[in-house]
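Peer 1:
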Amino acid sequence: MKTSQLDLRELLAFKPHGGTMSFLGQRAYLTDMVSHGMLRKELLKTIGEEATRTIITRSGFIRGWLLAEQIKRKMPEVWSEARQGKLGPMICSMFGFGEVLTSQRTDGLSDAPLVETYFIGSYEADQELRLNGQSTDVACWEQVGFASGYVSNVQQRTVYFIEPECQAKGDCHCRLVGNYIDQWDDEVLPLLQYYNGINNDNIKAEVQDILKIEEYFPRDSNINLSAKNNFSHSSYPISNSHPMQKLIEMAINVAKVPTSILVTGESGVGKEKLVDFIHRYSDINNKPLLAINCGALTESLLDSELFGHVKGAFTGAENNKMGLIESANGGTLFLDEVGELSPSMQTKLLRVIQEKQIRRVGDNNIKDVDVRIISATNKDLEAAVEAGDFRQDLYYRLNVIELKIPPLRNRGEDILPLARCFLSDFNEKLGRKITGFNYKTADLLLNYDWPGNIRQLANTIERAVVLSPGPQIMPEDLPEEFHQNITKPSINNGIKPLNTIEKDYIVSVLETLNNNKALTAKKLGMSLATLYRKLKEYDELQNFD
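When we follow this note's numbering, the leftmost residue of the sequence shown carries the number 9, and every step to the right adds one.
1) Under three-state DSSP, which class holds Phe105?
2) Here's the rule I'm using: 16 or more other beta-carbon atoms within 10 Å means buried, otherwise exposed. How should Met46 be labelled?
3) I need the boundaries of the alpha helix (DSSP H) containing Gln480, first residue and last residue.
4) So who's on the other strand from His181, going by DSSP bridges?
5) Taking only the alpha-carbon atoms, compute the straight-line gap between Arg61 and Ile79 and give it to the nearest angstrom.
6) Please go through the same chain and pick out, in chain order, the residues whose beta-carbon is closer than 7 Å to the beta-carbon of Glu581, but skip the five residues on each side of it.
7) Grouping DSSP H, G and I as helix and E and B as strand, with all else coil, what is Asp376?
8) Which word fits Lys448, buried or exposed, when buried means at least 16 other C-beta atoms lie within 10 angstroms of its C-beta?
9) Please report the residue range of the beta strand (DSSP E) in which Pro4 lies.
10) Below 8 Å between beta carbons: does that hold for Ser290 and Ala263?
11) Assuming contact is defined by CB atoms lying nearer than 8 Å, are Lys82 and Leu137 in contact in what I supplied?
12) With C-beta atoms as the reference, is Ser160 less than 8 Å away from Trp73?
13) In the DSSP assignment, what are the bridge partners of Lys412?
14) For Ala59 and Gly157, I'd like the C-alpha separation in whole angstroms.
15) Measuring straight from C-alpha to C-alpha, what distance separates Ile189 and Val123?
16) Tell me whether Ile206 sits in a helix, a strand or coil according to DSSP, three-state version.
17) Under the rule that 16 or more other beta-carbon atoms within 10 Å means buried, what is Glu519, buried or exposed?
18) Give the DSSP-derived three-state secondary structure of Gln464 in the structure shown.
19) Once the 5 residues before and after Arg463 are set aside, which same chain residues still bring their CB inside 7 Å of it?
20) For Pro172 and Arg183, which I take to be in contact (beta-carbon distance under 8 Å), what is that distance rounded to the nearest angstrom?
21) Using a Cβ-Cβ cutoff of less than 7 Å, which residues in the same chain neighbour Phe490 once the five nearest sequence positions on both sides are dropped?
22) My assumption, with CB atoms under 8 Å, is that Gly186 sits in contact with Tyr203. Please give the rounded CB distance.
23) When burial is assigned at 16 or more other CB atoms within 10 Å of the CB, is His250 buried or exposed?
24) If we count Cβ pairs, one from each stretch, closer than 8 Å, do we get three or more for the segment 281-301 versus the segment 435-446?
25) Thinking C-alpha only, which one of Ala176, Pro415 and Glu334 is nearest Ile381?
26) Taking buried to mean at least 16 other C-beta atoms within 10 Å of its own C-beta, is Gly96 buried or exposed?
27) Short of 6 Å in beta carbon distance, which residues of its chain neighbour Ile286, apart from the five on each side in sequence? Order them along the chain.
28) In angstroms with no decimal places, state the Cα-to-Cα distance between Glu50 and Glu77.
29) Which parts of the segment 58-111 are runs of the alpha helix (DSSP H), unbroken and 4 residues or longer, counting only runs that do not cross its ends?
30) Alpha carbon to alpha carbon, how far is Val146 from Asn248?
31) Quick one, are the C-beta atoms of Ala321 and Val393 less than 8 Å apart?
32) What are the partner residues of Met353, as DSSP defines its beta bridges?
33) Note down the Cα distance separating Ala304 from Glu345, rounded to an integer number of angstroms.
34) Just to confirm, are Gln480 and Ala21 a CB contact at a threshold of 8 Å?
35) How many angstroms separate the CA atom of Lys236 from the CA atom of Cys429?
36) Given a threshold of 16 other Cβ atoms within 10 Å of its Cβ, counted over all protein chains shown, does Glu307 qualify as buried or as exposed?
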């Protein structure tokens, strides 16, 4: 999973009727902004501003540091991106601190600070304005501490943030600037007193015992937050990925003209949905869109279905029947699996396209038709032409514009949005209340090759919704083949030694199977003693106790 694919629905979990909730497996609880503001106000009255600001800043530091540690342990696949500064601002937004406008990471080059981030809508600034009016000083004490603790853990070196600008005192945004403690100028030192000496080293020592205890949440309490998804099957195609964005842009352009379109792609990629999308964006969307599967009918039946027939044309033809081509007049005819057409049907279809005329079976009269033809196939029609199985002239008539849908394995950014879409639909259809995917389940979905494409994804989600005791879809709710495809080998970051690949794979399997060592050893085909020995060699045993 990449940072850009993270979603609050996979990270925040709770029971619909209350009791327990967690963020990335860490127990959490809900509080509202006004109550938080009143607590802060009472602290100010009781112990004064300096002590209150120190407590809030230090508690924010601990909170940010612990979250970074949780990400490092639970989601090692995004840790490298976290170290590049790509994750922190997003996490702050997920926590509700405010909306990130920009965040710049310089690593202290020249005289620039390590990190500079701009927020709007900071909850601390907002509550200060609501409860006390415009302030003479900055107000985002917890957010400053949170950023400091988080980045200190990521950098493994103490980083302190300050807030030069704040909306609470009338600035247009809240600006947080972070730097290594030893690189701050003396003029900033008075602002650093509120950390009261808390740093990366002593916080690590203070929480060492706590971190040895892995919080366990029972299955029935580990549920993701998931509001009603805005997507539905009818809103496909989802196009978060670059290949699909290009395809949809092209589809919108050709939808407005009556040109013939050939939609290609592997089985299950969603060709019919794309055709429906094109028709809805066309200028003839008020006219019918009729579809037929050319490979599902015999030649004689297909002839009658497409062209219609008159009474008495053949045995059983008791009445006149209008064919699909005539019925779709003025609209769109979708020929699915067009590569299955027989030679004689290919000839008849070519005449329809060229002459814009049809003749019903058994009829001598010719009727004029004006219909847009969109066809689809998962066959290589060009190869079929070369083999003499498909008419070349018909191929060129159908393939004026080709829209090739990429397979799902090449559209990683679309997998989770599609999965959420299907989950929402199947919840409604099956009367279930499963509200999301565990983040490990999401990882399995992202790492699978999807040979059956979107059709397989829909079936997988339906199966999980049916079989899962809920309320969250867990890794064990997926079919066995998903657990045999836990990681994909990659050389994007260079070639790794075999022992490193072995270590990464074993640790990944162990995390996926919820630290169940016996099951992990069984899945990997090794003894439990061998697994313990390897974990000890990797110095990973303490992380899975």
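Note that the Cβ used here is the ideal one computed from N, Cα and C, for glycine as well.
Computed from a predicted model, the values in this text were never measured in an experiment.
Peer 2: In short, the structure shows the following:
1) In the structure shown, Phe105 sits in coil (DSSP, three-state: anything other than H, G, I, E or B).
2) Burial is judged here by how many other beta carbons sit within 10 angstroms of a residue's own beta carbon; Met46 has fewer than 16 and is exposed.
3) Membership of Gln480 in any alpha helix (DSSP H) is not indicated, and neither H nor E is assigned to it by DSSP.
4) Partner(s): none; His181 has no beta bridge.
5) If you take the alpha carbons of Arg61 and Ile79, they lie about 27 Å apart.
6) The structure shown does not extend to residue 581, since the chain is modelled only from 9 to 553, so the question has no answer here.
7) Strand at Asp376.
8) So Lys448 ends up on the buried side.
9) In the structure as shown, the chain starts at 9 and stops at 553, and residue 4 therefore has no counterpart that could be examined.
10) A Cβ-Cβ contact shorter than 8 Å links Ser290 with Ala263.
11) Contact: no.
12) Remark: C-beta atoms of Ser160 and Trp73 approach each other more closely than 8 Å.
13) Looking at the DSSP assignment, Lys412 forms a beta bridge with Thr272.
14) Straight across, the Cα-Cα distance linking Ala59 with Gly157 is about 19 Å.
15) In this structure, the straight-line span from the alpha carbon of Ile189 to that of Val123 is close to 13 Å.
16) Ile206 falls in the coil class under three-state DSSP.
17) Around the C-beta of Glu519, 16 or more other C-beta atoms lie within 10 Å, and the residue is accordingly described as buried.
18) Taken through DSSP and simplified to helix, strand or coil, Gln464 comes out as helix.
19) Around Arg463: Gly276.
20) Between Arg183 and Pro172 the Cβ distance is about 6 Å, and since that is below 8 Å, they are a contact.
21) Cβ-Cβ distances below 7 Å link Phe490 to Leu452 and Tyr456 in the same chain, with the five nearest sequence neighbours on each side left out; the list follows chain order.
22) Not really, about 12 Å apart at Cβ, beyond 8 Å.
23) It is exposed - the Cβ of His250 has fewer than 16 other Cβ atoms within 10 Å.
24) Short answer: they don't touch.
25) The residue with the shortest Cα to Cα distance from Ile381 is Glu334.
26) Gly96 is buried by the Cβ-count criterion.
27) The answer, listed in chain order, is Ala259 and Ala263.
28) The alpha-carbon atoms of Glu50 and Glu77 are separated by roughly 31 Å.
29) Complete alpha helix (DSSP H) runs here, min 4: 87-91 and 96-102.
30) One C-alpha to the other measures close to 38 Å.
31) Contact flag unset, no.
32) In the DSSP output, where bridge partners are listed per residue, Met353 has none listed.
33) The alpha-carbon separation between Ala304 and Glu345 amounts to approximately 9 Å.
34) The answer is yes: Cβ separation under 8 Å.
35) Low confidence applies here, because Lys236 scores a pLDDT of 30, under 50, leaving its location unreliable; read the following figure in that light. The alpha-carbon atoms of Lys236 and Cys429 are separated by roughly 9 Å.
36) Classification of Glu307: exposed, given that the 10 Å Cβ count is below 16.
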